[in-house]
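Notes to accompany the following structure.
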Amino acid sequence: MCRNQSQAQSGGGGGEKVRGEDKSTTTTRQQQQQQQQQQQHLQNQQHTPYRLRIVVLGAEGVGKSALTVRYLTRRYISEYRRAIDLLYRHTVCLDDVTSEVEILDVSLREKEGVASSHSRWGEGFVVVYSVDDLRSFKEAGVVLEALTRLKAPLEVPAILLANKRDLDHARQVTVEEGQALSLQHGCQFYEVSAAESHVGVTLAFQSLLRETRALHLTATTRSNHLLPRQRRISIVAVSRMIGSLIGRGSDPPSPTLRPTVVMQSGCGSPKRTLRRKDKKRPSLSL
Ligand SMILES: Nc1nc2c(ncn2[C@@H]2O[C@H](COP(=O)(O)OP(=O)(O)OP(=O)(O)O)[C@@H](O)[C@H]2O)c(=O)[nH]1
1 MCRNQSQAQS GGGGGEKVRG EDKSTTTTRQ QQQQQQQQQQ HLQNQQHTPY
51 RLRIVVLGAE GVGKSALTVR YLTRRYISEY RRAIDLLYRH TVCLDDVTSE
101 VEILDVSLRE KEGVASSHSR WGEGFVVVYS VDDLRSFKEA GVVLEALTRL
151 KAPLEVPAIL LANKRDLDHA RQVTVEEGQA LSLQHGCQFY EVSAAESHVG
201 VTLAFQSLLR ETRALHLTAT TRSNHLLPRQ RRISIVAVSR MIGSLIGRGS
251 DPPSPTLRPT VVMQSGCGSP KRTLRRKDKK RPSLSL
């Protein structure tokens, strides 16, 4: 940016020297400058990593935070502070492409429903229910319907994530019911357990990231109409993340301030897992 500014300044100095030249020479110089600026802009774009915005939605207590943290850190933390939205920033290297990923873990306790602000902000959506909670399954259906209504169908990369499959003995929703709902909304379906393993969770998130990235590319080249609305957020230091999540340590962040937890991680994320096997919507139990 600084380099661009200094180029712009030296360009102004060049304007002084051509004062005596005829109009056509000045126009040609201006055209050359414009071309150079356009080239520079294109180069900058090529080196700027994609920024993808993912929203995690679902009924209260289905494991949205557990799943998000499992994906980001591979760790399972069983207790979280509730009723706040958390925004995580994460650098992902997937298929040799680096992306800046923002994941918004939404607390639907606010009963915004699927707020249009969530749907407008997000480019990819994780809709979670818990296999031991029929009510959360119904809520997931409502969320998927709302997303389809709020965004054009082709603009909703989404996965339906059935969590807590380790609670099979208390199951209220069958795998088939989950699959049927996902087919109804044309999204991918995964059944996982944040408590048991990171593998299925990672697979699900990475698959969504691929789909979101593909749509992001198409949308960016087509128009700017998916640009985010700025959410009102504040920044919480990384070191306070775990304390903030489990409710220890500092004062509770105000829900209205939309606390942001910034997580930075490099391209070390696992490459080993994930290659989409075919073009069908995958449906997995892991
Ligand atoms: N058995 C089991 N429990 C889980 C699993 N994932 C999360 N939990 C538990 O479910 C409870 C809720 O998890 P959270 O991650 O806080 O759920 P949430 O959807 O973020 O909750 P809200 O933000 O309040 O809506 C916690 O006690 C977790 O330990 C899982 O895969 N299996």
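Just so it is clear: in the sequence shown, position 97 is 97 by full-length UniProt numbering, and no numbers are missing.
Yeah, the Cβ is synthetic: ideal placement off N, Cα and C, and Gly gets one too.
All values reported here derive from a predicted model rather than from experimental measurement.
Cβ-based burial, residue i [other Cβ within 10 Å; buried from 16]
{"i": "His118", "result": "buried"}
{"i": "Glu145", "result": "exposed"}
{"i": "Val142", "result": "exposed"}
{"i": "Leu217", "result": "exposed"}
{"i": "Asp168", "result": "exposed"}
{"i": "Ser78", "result": "exposed"}
{"i": "residue 287", "result": "Examination of residue 287 is not possible in this model, given that the chain is present from 1 through 286 alone."}
{"i": "Ala214", "result": "exposed"}
{"i": "Thr34", "result": "It is Gln, not Thr, that sits at residue 34 in the sequence shown. Its Cβ having fewer than 16 others within 10 Å, Gln34 is exposed."}
{"i": "Glu176", "result": "exposed"}
{"i": "Arg165", "result": "buried"}
{"i": "Thr28", "result": "exposed"}
{"i": "Gln206", "result": "buried"}
{"i": "Arg135", "result": "exposed"}
{"i": "Arg75", "result": "exposed"}
{"i": "Arg53", "result": "buried"}
{"i": "Gln36", "result": "exposed"}
{"i": "Arg210", "result": "buried"}
{"i": "Thr212", "result": "buried"}
{"i": "Gln32", "result": "exposed"}
{"i": "Gly200", "result": "buried"}
{"i": "Ala59", "result": "buried"}
{"i": "Ala140", "result": "buried"}
{"i": "Ala170", "result": "exposed"}
{"i": "Val236", "result": "In this predicted model, Val236 has a pLDDT of only 32, less than 50, meaning its place in the structure is not dependable enough to derive any value."}
Beta bridge counterpart(s) of residue i as assigned by DSSP
{"i": "Asp168", "result": "Paired residues: none, contrary to the question."}
{"i": "Ser99", "result": "Tyr50, Val92"}
{"i": "residue 290", "result": "In the structure as shown, the chain starts at 1 and stops at 286, and residue 290 therefore has no counterpart that could be examined."}
{"i": "Val106", "result": "According to DSSP, Val106 bridges with nothing at all."}
{"i": "Gly58", "result": "Val128"}
Touch test, the stretch 127-141 against the stretch 89-104, Cβ-Cβ under 8 Å, three pairs minimum: no
Stretch pair the stretch 176-187 + the stretch 52-71: three plus CB contacts closer than 8 Å: no
Secondary structure, alpha helix (DSSP H): runs of 4+ residues fully inside the stretch 198-222: 199-222
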